[in-house]
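Trainee:
2 protein chains.
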Amino acid sequence: MRVSDIQPVLLLGPGPSPVRERILKAMAHDTVGHLDPQFLTIMDEVNEGLRVLFGTRNRMTFPVSATGSAGMQASLVNVLEPGDTAIIGVNGVFGTRLAEMARRIGCEVVTVEAEWGRIIPPDDVIDAHKAHPDARVVALVHAETSTGVRQPLGEVGAALRGNATLFVVDAVTSLGGIPVDVDDNGIDVCYSGTQKCLGVPPGLAPITFSEKAMARIDSRTTPPQSWYLDVSLIAGYLGEERRYHHTAPINSVYALHEGLVIIEEEGLDACFRRHEEVGAALQNAMVERGFSLFAQEGHRLPQLTSVELPDGREEGPLRKALLEDHHIEVGGGLGPGKGKMWRIGLMGAGANHRSVERLLAAVDAVLPTG
Amino acid sequence: MRVSDIQPVLLLGPGPSPVRERILKAMAHDTVGHLDPQFLTIMDEVNEGLRVLFGTRNRMTFPVSATGSAGMQASLVNVLEPGDTAIIGVNGVFGTRLAEMARRIGCEVVTVEAEWGRIIPPDDVIDAHKAHPDARVVALVHAETSTGVRQPLGEVGAALRGNATLFVVDAVTSLGGIPVDVDDNGIDVCYSGTQKCLGVPPGLAPITFSEKAMARIDSRTTPPQSWYLDVSLIAGYLGEERRYHHTAPINSVYALHEGLVIIEEEGLDACFRRHEEVGAALQNAMVERGFSLFAQEGHRLPQLTSVELPDGREEGPLRKALLEDHHIEVGGGLGPGKGKMWRIGLMGAGANHRSVERLLAAVDAVLPTG
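Chains A and B supply the protein sequences, listed in that same order. Here my numbering is used: the first residue of the first sequence is 1490, the next is one more, and so on. Here my numbering is used: the first residue of the second sequence is 1490, the next is one more, and so on.
Written as structure tokens, this is what we have:
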């Protein structure tokens, strides 16, 4: 097979999202060196663009040279040491993964659990912190891609302010789709991926560390086990010294740069509004068709919608028909949603009414109603 | 700045190497999902192409979703556990890095050292293994990018055969440029990068694990600290089950696929011969110009040449002139070569006589002789 044989698919799953032609073109620009002054300018601009998106003034804001899950890994491995306590909210796949990563680091993990599809009540998190005031981190998933739940962050962030505990937030599916407001929400470490609401191919994990997080890292008694993800070493490349650490994935950074330019052109607020409107339109239309929304009312993400199929229909064959006959990708359910749910993403360049219309026409074709 | 403003540079440093138009075009193909059957076919073909390049039948052969240094990390973190002994050859930056990573895992590191620019005598490695027969790994760097030294592998591989110790080899700068012969050399874990002799943009780390290595991984008493690089989890995505682990960097895999097609078209032996001939031509021409070759005679890589400048000249300003006035990138020296050496790469699409001619003309312009 040749890459050019790959037929285009409308990407309305949980990611990757559709990538604009302009971004693909930027990605295909001539590769230059990772220490070339031209590339260093691009990298500096990417970091500045990410600060705007994250809503932060954090100096240490950059794309990790790997995909979103490596952002999760980088967050935890830099701030946690074996023996530390980590309080982690678990109400889906990604909270479960955070807990697993923290355990592998050798931490005492305290989970604060909620049913899949429901938020973690902020008071439960705050209570867990009162019970474990020496916890090194409290970690929450802002946009749970496995369920479509939007986790409130402000109350927990406010409760942790002025405290030694760091607030870690997974913004893989939220960054660029809904406000993350790192500084306003008192978040210390926040990571994302490029292939969701930024509409950039997968391969990089934007991340940001507050000064409080960096001070904690400076006071570690052991180096992070991961040399590749060690933010103290990466700082040497990003800073004045431009010290070689690893070869940055040049063309992926080009693509992210163009993606950030596009968001800047649209305006971040307009971008959030677009995700909000299109997501609401889809959710209403799916309910009209007899699908039920899985995420708790009042806490639904616009950019990622989990729906249960009508009449207990099996989701697999219908999802396959969407892909094969209509060239539209949606995701299957995970955990309790396995076999009976779809996860529909309207993210980045996919978040528009044409996507919704194409999807609804295809849904009506594979699942005729009445 | 816009990405399109970046002026092309002839990449003759230690990587990234020049990327062919065909590869950039493949990279810019429409992104599809990481579970799309079309992409899974591309991924399977990439893994098969990598087996040919590595010279192996290892089932677990795939590109790690991050750059070459993450390949190093993935190798060690999967096979080593805290308390294990690791014998590591150190004669440059990358051996030093291997030792550092192994220490961070909590291993007892036994270094076998040689002067930078010289090989590690195989007998020294074999002796170290005799002194530490329970060592979990012996690790060597095949192509030391910091010095241009080509490390012999066969004797050490033969000595370790039938033994519980695993042979780990860094082939970041060798894969595709000189034979690695994983199976013939008795190598158990071998990793590389795409941005050297494969001529593909940085972002992926091809890696291979022997059955012996996989058996060792299966018998671990603790999971690898890195969830992202855990090969047992990645196997679930690469195997029949196609279990979601992380989102593969789709477009980077496209680029690697096209790079492997190009090597297949040329033929691997022809590709090695081209690197060999062009490297020798450069080395002769540099010596004629009064430069001295840093790597030990008889053990010089054709694809990466370290040269000391004539008459004790300072390298920095001249390297800057090559870049600014002639749009050619070469690398500066590291370690003992800092300030007085260049590292010249003739790798992948850069390994041709036109590159050598352009470089020599520029060298003659910035450093007139006679």
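In this text, a Cβ means the ideal position worked out from N, Cα and C, and glycines have one as well.
Counting only Cβ pairs nearer than 7 Å, list the residues of chain B close to Q1684(A).
Mentor: T1736
Trainee: Give the DSSP-derived three-state secondary structure of T1585(A) in the structure shown.
Mentor: helix
Trainee: My output table needs one value for P1799(B): the three-state DSSP class, helix, strand or coil.
Mentor: It is helical.
Trainee: Using CA coordinates, which residue listed in A1624(A), I1531(A), N1841(A), G1675(A) is at the minimum distance from E1766(A)?
Mentor: Answer by Cα proximity: N1841(A).
Trainee: Can you pull the chain B neighbours of E1818(A), defined as C-beta to C-beta under 7 Å?
Mentor: G1522, D1525
Trainee: Do the segment 1720–1740 of chain A and the segment 1766–1784 of chain B make contact, defined as three or more Cβ pairs closer than 8 Å?
Mentor: no
Trainee: Quick one: list the residues of chain E neighbouring R1593(A), beta-carbon separation under 9 Å, in chain order.
Mentor: This model lacks chain E altogether; the protein chains it does include are A and B.
Trainee: If we ignore side chains and look at the alpha-carbon of each, how far apart do A1624(A) and V1671(B) end up?
Mentor: 46 Å
Trainee: If you scan the segment 1512–1589 of chain B from start to end, which runs of the alpha helix (DSSP H) of 4 or more residues do you find wholly inside it?
Mentor: As far as the segment 1512–1589 of chain B is concerned, its whole alpha helix (DSSP H) runs of at least 4 residues are 1526–1543, 1557–1568.
Trainee: How is the alpha helix (DSSP H) around D1659(A) delimited, first residue to last?
Mentor: Counting along the chain, D1659(A) falls outside any alpha helix (DSSP H), though it belongs to the beta strand (DSSP E) covering 1655–1659.
Trainee: Give the residues of chain A in contact with D1519(B), contact being defined as C-beta atoms less than 8 Å apart.
Mentor: In chain order: I1495, P1497, V1498, V1508, L1513.
Trainee: Figure out for me which residue from Q1772(A), M1830(A), H1815(A) has the closest Cα to the Cα of D1800(A).
Mentor: M1830(A)
Trainee: Which of helix, strand or coil does DSSP assign to V1852(A)?
Mentor: It is helical.
Trainee: What number of angstroms, rounded off, separates the C-alpha of V1657(A) from the C-alpha of L1569(A)?
Mentor: C-alpha separation (whole angstroms): 11 Å.
Trainee: Taking the beta carbon of E1537(B) as the centre, do at least 16 other beta carbons fall within 10 Å, making it buried, or is it exposed?
Mentor: exposed
Trainee: If you draw a straight line from the alpha carbon of E1755(A) to that of T1520(A), how long is it in whole angstroms?
Mentor: 27 Å
Trainee: Output, in sequence order along the chain, the residues in the segment 1771–1786 of chain A whose CB is closer than 7 Å to any CB in chain B.
Mentor: none
Trainee: Looking at D1659(A) and Y1680(A), is the spacing between their C-beta atoms short of 8 Å?
Mentor: yes
Trainee: List the DSSP bridge partners of F1698(B).
Mentor: M1549(B), V1678(B)
Trainee: Determine contact between the segment 1548–1563 of chain B and the segment 1774–1790 of chain B, defined as no fewer than three beta-carbon pairs at a distance below 8 Å.
Mentor: no
Trainee: N1567(A) to V1855(B), Cα distance in whole Å?
Mentor: If you take the alpha carbons of N1567(A) and V1855(B), they lie about 45 Å apart.
Trainee: Can the beta-carbon of V1492(B) be found less than 8 Å from the beta-carbon of I1531(A)?
Mentor: yes
Trainee: Could you give the C-beta distance for H1734(B) and G1725(B), rounded to a whole number, given that I count them as a contact under 8 Å?
Mentor: 6 Å
Trainee: Report the residue from A1704(A), T1636(A), G1748(A), P1857(A) whose alpha carbon sits nearest the alpha carbon of G1820(A).
Mentor: T1636(A)
Trainee: For P1806(A) and chain B, any beta-carbon pair shorter than 8 Å?
Mentor: no
Trainee: Three or more beta-carbon pairs under 8 Å between the segment 1607–1622 of chain A and the segment 1639–1652 of chain A, yes or no?
Mentor: As far as the Cβ criterion goes, the segment 1607–1622 of chain A touches the segment 1639–1652 of chain A, which means the pair count is three or higher.
Trainee: Which residues, in chain order, does the segment 1559–1570 of chain A contribute to contact with chain B at a C-beta distance below 7 Å?
Mentor: Listed by position, the residues of the segment 1559–1570 of chain A near chain B (Cβ gap below 7 Å) are A1559, Q1562.
Trainee: Who are the Cβ neighbours of L1823(A) in its own chain at under 6 Å, not counting the five residues just before and after it?
Mentor: V1582, S1635
Trainee: Mind checking the segment 1541–1560 of chain B against chain A and listing, in chain order, the residues whose C-beta falls within less than 9 Å of any C-beta there?
Mentor: Residues passing the 9 Å Cβ filter: V1553, S1554, A1555, T1556, G1557, S1558, A1559.
Trainee: With the cut-off set at 8 Å, would you say L1539(B) and T1550(B) are in Cβ contact?
Mentor: yes
Trainee: Where are the beta strand (DSSP E) runs, 3 residues long or more, that stay fully inside the segment 1765–1799 of chain A, in chain order?
Mentor: 1793–1797
Trainee: Is the CB-CB distance between A1617(A) and V1598(A) below 8 Å?
Mentor: no
Trainee: Between which residues of its own chain and A1810(B) is the CB-CB distance below 7 Å, once the five residues before and five after are set aside?
Mentor: Residues of the same chain with a CB within less than 7 Å of the CB of A1810(B), apart from the 5 flanking positions on each side, are V1855 in chain order.
Trainee: For a cutoff of 8 Å on Cβ pairs, would you count G1504(A) as touching chain B?
Mentor: yes
Trainee: What's the call for A1620(A), buried or exposed, on a 16-neighbour Cβ count within 10 Å?
Mentor: Around the CB of A1620(A), fewer than 16 other CB atoms lie within 10 Å, so the residue is classed as exposed.
Trainee: Return the bridge partner residues of R1639(A) from the DSSP annotation.
Mentor: A1632(A)
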